[in-house]
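A short worksheet on the structure shown next.
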Amino acid sequence: MILSAVLQPDNTMSRHQQRTPFKLPQNVVEVKSKFDAEYRRFALKRSGAGSFQEFYRLLQSVHHIPGTDLMLGYADIHGDLLPINNDDNFQKAVSSANPLLRIILTRKEDEPIVFATNSLQRRKKGLGLTGLRPNASGSTHQKNKPGLMIGLPQDFRQISSIIDVDILPESHRRVRLHKHGTRKPLGFYIRDGVSVRVTPQGVEKVPGVFISRLVRGGLAESTGLLGVNDEILEVNGIDVAGKSLDQVTDMMVANSHNLIVTVKPANQRNNVLPRGSKVSAGNASLGSGSTGSALSCDSPSPVSHSNPITASDSIAEGYSEEEDDDGDLIIENDNLSTYIPHNLHSSNNGNYSRDSLGRLGSVASSAPLAHSASMPSSFVTSTSDTSMTTVNQNGSPAHTASSSSQESMREDGNSITL
Amino acid sequence: MKRFRRHGQESQRDRLKQDLYQFNKTVEHGFPHQPSALGYSPSLQLLAIGTRSGAIKLYGAPGVEFMGLHDENAVVTRVHFLPFQLELVTLLDDNSLHMWTLRAHKGVSELLEIGRFTLTGPPGAPPSVTRVTSVLAHSSGELLLLGTEGGHVFVVEVPGFRELEERNISLDQVANSVPEDYIGRRNLEHVETLQENPVDPNQVVIGYGRGLMVVWDLEKHQAVQHIPATQQLESTWWTEDGGHILSSHSDGSYCRWTVGGQSSKDEEEKSDIPYGHFPCKAISKIVQLPTEEGPPFLLFSGGMPRASYGDRHCISVIHGKTHVALDFTSRIIDYFVIRDGPLHTGDPGALVVLVEEELVVIDLQTEGWPVIQTPYLVPLHSSAITCSHHVSAIPLKLWERLLAAGQLQITHYSPKPWPITGGQNLGQDPPQRDLLLTGHEDGTVRFWDASGVCLYPMYKLSTAGVFHTDADPNDNMNQCSEGEWPPFRKVGCFDPYSDDPRLGVQKIHLCKYSGYLTVAGTAGQILVLELNDEAAEQTVEAKIVDLLQGQEGFRWKGHTRLDVREEPVLFPPGFQPFALVQCQPPAVVTALTLHSEWKMVAFGTSHGFGLYDYQQKNSVLVKCTLNPSDQLAMEGPLSRVKSIKKSLRQSFRRIRRSRVSLRKHHVTNAAKLQEANARLEAELAEMELAPVQRKIEARSSEDSFTGLVRTLYFADTFLSDSSHNSASLWAGTNGGSVFAYMIRMPSVEHRADEPITAHPAKEIQLMHRAPVVAIVVLDGHGSPLPEPLEVAHDLARSPDMQASHQLLVVSEEQFKIFTLPKVSAKMKLKLTALDGSRVRRVGVAWFGSSRTADAGESGLVVLTNQGDLNVVSLPSVKMQVQHPCIRREDVSGIASCVFTKHGQGFYLISPSEFERFSLSARNVVEPRSLVEVPANATAASKRRAAPDGASVLQEIQKSLEGEPT
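Residue numbers (my numbering), protein chains in the order written: chain S, 1 to 418; chain U, 1001 to 1965.
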């Protein structure tokens, strides 16, 4: 495996310098690996990426940490942190790099990373490694840590779960769908209908909302937890009784990042029985993440056992507040003090922001060495690293794809906060 | 302890909420939708209008308004005031009669329904026997005569609705005495009209559909005279002196009959078909009124030559040698004449005509019979309303200039005061001057005085003059050629026909301090106008702004840009355009804002937004917000039409296919046909039963119209660091993006020549991608930044620039507060995720406390797609109150809603009516008025009615009014 690390200062110092965008050769993958507070940037041949073991050793040498036991993770295109621990998922990581492959290294003895939906973002926000059970409080999480390590395969990502089994009536099922991390659509339709309820006045017919159709290959279908004609009772803890179809639709769409629907399944034979029961519904749930692997049903979960909280609590506060869509993407041009010449014609003013953002991305990933003097100190450590060579595959000066896509903007830690 | 204290705070907060918020629907402005009946009380001087939806509205002097709604959702077909009383009777098309009264309560009158009644015929009689076709409120005030389809006349005592069976006039009684030679003796048809003799209240004329009229004596209970007209009867009119009866007929003729006891075989004295020779349409109502000196007034509606003018809606007025056919733009519902004098028996003063879309009042005493401008019931929709904008607390100076400009436009109106003056307006003078601006489809902007109960037209601005349109400017509808017959004269201002739909006004923004106005329209045109007291001739130069910014692969398939007039145009005093921006592609302008202090206008369409400096007449910034995959936005409105066409084609094909298959079966045999029919039926049933489905999918960036700019906002705030504030422009899109630009302004002395620059400063992509509907910057105290120039005019406290500012982004789903200058989420309020409703309209309002004069707080007024009104507190974004306001199916009502700065609002309840509501406990504009029976009217009723009748009447009145306190 031939590697050529290219020094890539991470800054926006020469933002208004005109540069011609280069095309990155298709066979080279840009790698940015992070260990503690240090970054390394280098390139990797896409075709001959080699084996996981080689890569592992390479990282150790690049970071000058030969003896340390490491756990490797990479950020996939959705911003999720996924593990690299064998040849297969290493290949997957290399092939999915777009255009940059972000590697995050942790010591084995550190707190284990939890690979899950949104885990990367949560790490960055410093919300702690809440991982699979965001509703778990800190203390219970500590307690359950070993359990996590044993039980769930780290290579998989959770896409759905049955929750609150112990507090719901047997005939109901509360299903959580994790939209993030899959390109799959949620994939179901709802309709109006009539439901029969038992009231103090006797049995009466009330309007209800039902699942009318599952999209083939969609998330809802692949979990196997929702079926056609299941009646929807709650959306993220809110009773849908008395709400119109459009209202329920809007509620679901608004909660689509973390959708928890409580249904009364039309088929009552596969019900999950409360704790202790040997009949497990886990088998009924098949799923697949973007890695093409299958999923899980964490019920009855130890957490919900140890925290017998009411439904409304766990949903209204536990889930929706914490792991929410706070991940608004904010781009700030803090360097406005560097005067941006405004001799642009009105006709190209509009492209301005786009251009500058694009430039920002490309500058970040491939500023020429000549400007290294103005690099911030945090990157001097990496650039002064002599083990890195600046020779590129093609022998041409450092270049990379000029990309204005969001992915590349997201990579730029300096100008973007996630 | 802690809990206890918190409880105390909460109850205090609740009390405060009661002082601040109170929800009321107060007044309906504009013209009632689909009026169906008109009534007038000369003694009360009140006008009543019934509508197809069962509403009844009373109007007197400006500010005196009452409104009632029948429980039945039926058409009001008749409205009759009981003479000299506070009661009125309505007839609905479900044949029920309703009694209403104006009851004084705590010094304010209110309209109340006090009784209802349905005629009951003899058992087994067909319903036509009791189907009411005409109503006469007898001048005694205690009798109601009801003519029915079966030809009977029922007599009912009012207001209690007691049937007086012995006084009923049955068809048989009448038919027996009909002269032998009268054709169709056996079939007189329904009772078309009932009319009382003006000099002898015991005599009424009963007009039957077939043409026969019978003068009936109520006292003697017998027919006095038969008038054997042979044409289908339309209406009758008993002349003032009681000597003649006029009858109008379906062939466009009218006849004049002499009434006299001596001869029962009176010939018609005079018959005429006014627009004759060729067949004419019916004369539906005829009125003749005498004058003190000179010839009488003859008025009749209809009667036009069928072939050439059968589609006109006319009322002809003939007075001596003057003959005018007033030509209305919509169907005539009814009309009446207001007469002078204390007893309303003098000369005709004004003709009041209710047509389907407006109320027109014509001054009959001024030369040329000009129109009197109405202080209420104004047709808001004279051209369809496309947008509205409310400006609170207008400075007196601007108000006067606007009034002056408006005065110059209404020169053709009569100088006479409004003739309907009933009731006393007890409402206080409005605390401030408010303007409501409505944009219309024909490119006009109308300015309404919205301070009080009456929405009064102040000024009308037309933007069409700037552009070349198809309409010929010399095409004056009022000009009539010499010698035309009938002598038409166009009246009324309802004119729903737009010359060019591209002229339609979509967004308006007025700066009340500087008198700058910006108006944006359907074809991407943005006009900047300035108030000028003098007429001026000037050329308006257009600046074309390309919002696509070189985005490739898109083709605009919608309408073209408007063609700008290159020669100078003469603009009358008022708002005169001086700058014009035209967007390319010329899509509808979806967001617009004006900053008069910085002299800049920001505008947005579905493709992007721009910033224009109207002092230097230069474009400062253009930003394309398009997503390359957003094909729909690019192709313009036409592509949608195509898809409709496509779907239509598909459905036609499906129908044809099913027919074809049906036919195939038909050839084989009948059994198979039946089978096919059954299958088709099943198919149809299935089609109908197929439930409405909704897809559940997270919003992705590929959705259509993500680039559509929803809101634009100027703010002077901290964008780069917390020590230097600067001018900024904020834009929010349909795709949940917020763009912030820092504007670098040159110093004041170089403002005219140094260019203004704008740099991108921030960009926020909301993760939930819901459309951004509003952006507000809150100052250090957490209150919204004041409007431009507000501080300079000492009308607002200057914003707190010490503490850090906050940014409020309102998306359709959430209210979210971010810190500034470093943007990070601080708090939020979720709406959609919790109850499934979405924000449709939002406004910032100041809620004054009703208890303490200067206490109050700012809040966010929100209207959701469920039609609920919410108040959200600032800066803590907490839901304060929620009130259902508009039906959620009423999409146009929700879309038309506009909020004032003081917690009130308006929305369209029909194309022609604004409902006004108030969320504030302090600022409530509602009608307060008192109506009493005038003393002279009581005297007159005494004179006319039987003595004991009058005392009964007064007693009833007393009992109804209750003790006035």
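Each residue gets a CB set at the ideal place from its N, CA and C atoms; glycine is no exception.
Task: Heavy atom of the ligand GDP within 7 Å of U:Leu1766 beta-carbon - done: This structure simply doesn't include the ligand GDP, nor any ligand for that matter.
- [ ] Give the single residue among U:Arg1013, U:Gly1063 and U:Ser1036 whose Cα lies nearest to the Cα of U:Val1931.
- [x] U:Gly1063
Open item on the list: Is the beta carbon of U:Gly1905 closer than 8 Å to that of U:Val1861?
Closed with: yes
Task: C-beta neighbour in chain U for S:Thr338, strict 8 Å - done: The predicted position of S:Thr338 is uncertain, since its pLDDT is 39 and thus under 50; a value taken from the coordinates is nonetheless stated next. No, because no Cβ of chain U sits closer than 8 Å to the Cβ of S:Thr338.
Open item on the list: So the candidates are U:Gly1060, U:Leu1092, U:Thr1757 and U:His1080; which of them puts its Cα closest to the Cα of U:Ala1074?
Closed with: With distances taken between Cα atoms, U:Ala1074 lies closest to U:Leu1092.
TODO: Take the Cβ of U:Ser1011 as the centre, count every other Cβ of all protein chains shown within 10 Å, and call the residue buried at 16 or more, exposed below.
DONE: exposed
Task: Beta-ladder partner(s) of U:Phe1297, from DSSP - done: Paired residues: U:Leu1289 and U:His1319.
Task: Contact list for the region 1817-1842 of chain U against chain A, Cβ threshold 9 Å - done: Although the question refers to chain A, the structure presented lacks it and instead comprises the protein chains S and U.
Open item on the list: Quick check on the burial criterion: 16 or more other C-beta atoms within 10 angstroms. Buried or exposed for U:Ala1602?
Closed with: buried
Task: Neighbour list for U:Glu1552 in chain S, Cβ cutoff strictly below 9 Å - done: The premise fails here: U:Glu1552 is roughly 12 Å from chain S at the closest Cβ pair, so nothing lies under 9 Å.
TODO: Tell me whether U:Ser1920 is buried or exposed, calling it buried when 16 or more other Cβ atoms sit within 10 Å of its Cβ.
DONE: By the 10 Å Cβ count, U:Ser1920 comes out buried.
Open item on the list: So the candidates are S:Ser256, S:Asp80, S:Val94 and S:Gly218; which of them puts its Cα closest to the Cα of S:Phe52?
Closed with: S:Val94
TODO: Go through its chain and collect everything with a Cβ distance to U:Cys1897's Cβ below 8 Å, but skip five positions before and after it.
DONE: Correct list, in chain order: Arg1840, Arg1841, Leu1863, Ile1886, Gly1905, Phe1906 and Tyr1907.
- [ ] Starting from the C-beta of S:Asn86, find all residues in its chain whose C-beta is less than 6 Å away, skip the five residues before and the five after it, and write them out in chain order.
- [x] Phe52
Task: Three-state secondary structure (DSSP) of U:Tyr1309 - done: helix
- [ ] Identify the continuous beta strand (DSSP E) that holds U:Phe1578 and give its terminal residues.
- [x] Gly1574 to Gln1584
TODO: Could you confirm whether any beta carbon from chain S is found closer than 8 Å to the beta carbon of U:Pro1771?
DONE: no
Task: Contacts around U:Val1324, its chain only, beta-carbon distance under 6 Å, and the 5 residues preceding and following it disregarded - done: Residues of the same chain with a CB within less than 6 Å of the CB of U:Val1324, apart from the 5 flanking positions on each side, are Val1317, Pro1487 and Arg1489 in chain order.
- [ ] Kindly say whether S:Gln158, judged by its beta-carbon, lies nearer than 8 Å to any beta-carbon of chain U.
- [x] By this cut-off, S:Gln158 is not an interface position.
TODO: Would you mind working out which of U:Leu1119, U:Ser1043 and U:Thr1120 sits nearest U:Pro1083, comparing C-alpha positions?
DONE: U:Ser1043
Open item on the list: Using 8 Å for Cβ pairs, my map puts U:Thr1605 next to U:Val1589. What's the rounded Cβ distance?
Closed with: 6 Å
Task: Neighbour flag for S:Ile77 against chain U, beta carbons, 8 Å - done: Not closer than 8 Å to any Cβ of chain U, the Cβ of S:Ile77 fails to qualify, so no.
TODO: For U:Glu1541, return the contacting residues in chain S, with the cut-off set at a CB-CB distance below 7 Å.
DONE: Within 7 Å Cβ-Cβ: nothing; U:Glu1541 doesn't reach chain S, min ~15 Å.
Open item on the list: Between S:Gly193 and chain U, is the shortest Cβ-Cβ distance under 8 Å, so that the two count as touching?
Closed with: yes
Open item on the list: Give me the subset of the region 1025-1043 of chain U whose CB atoms are less than 9 Å from a CB atom of chain S, sorted by chain position.
Closed with: none
Task: Cβ-based burial, U:Gln1674 [other Cβ within 10 Å; buried from 16] - done: Looking at its Cβ environment, which holds fewer than 16 other Cβ atoms inside 10 Å, U:Gln1674 is exposed.
Open item on the list: Does any residue of chain U have a CB that is nearer than 8 Å to the CB of S:Asp250?
Closed with: yes
Task: Within the region 1358-1440 of chain U, ranges of the beta strand (DSSP E) (whole runs, at least 3 residues) - done: Taking only runs of at least 3 residues, the beta strand (DSSP E) segments lying wholly in the region 1358-1440 of chain U are 1358-1363, 1385-1391 and 1435-1440.
Task: Proximal chain U residues relative to S:His189, where beta-carbon distance stays under 8 Å - done: The sequence given here has Tyr at residue 189 of chain S, not His. Here the neighbours are Gln1693, Arg1694, Lys1695 and Ile1696.
Task: Residues bridged to U:Thr1090 (per DSSP) - done: U:Val1079 and U:His1098
Task: For U:Arg1167 and U:Val1155, believed in contact at Cβ under 8 Å, the rounded distance - done: 4 Å
Task: Contacts that S:Arg213 makes with chain U (C-beta to C-beta distance below 8 Å) - done: Simply Gln1693.
Task: Separation of U:His1468 from U:Ala1535, as counted between CA atoms - done: 20 Å
- [ ] Could you list which residues in chain S have their beta carbon closer than 7 Å to that of U:Arg1699, in chain order?
- [x] Val253
Task: Euclidean distance between Cα positions of U:Leu1086 and U:Ala1037 - done: 18 Å
- [ ] Could you confirm whether any beta carbon from chain S is found closer than 8 Å to the beta carbon of U:Lys1507?
- [x] no
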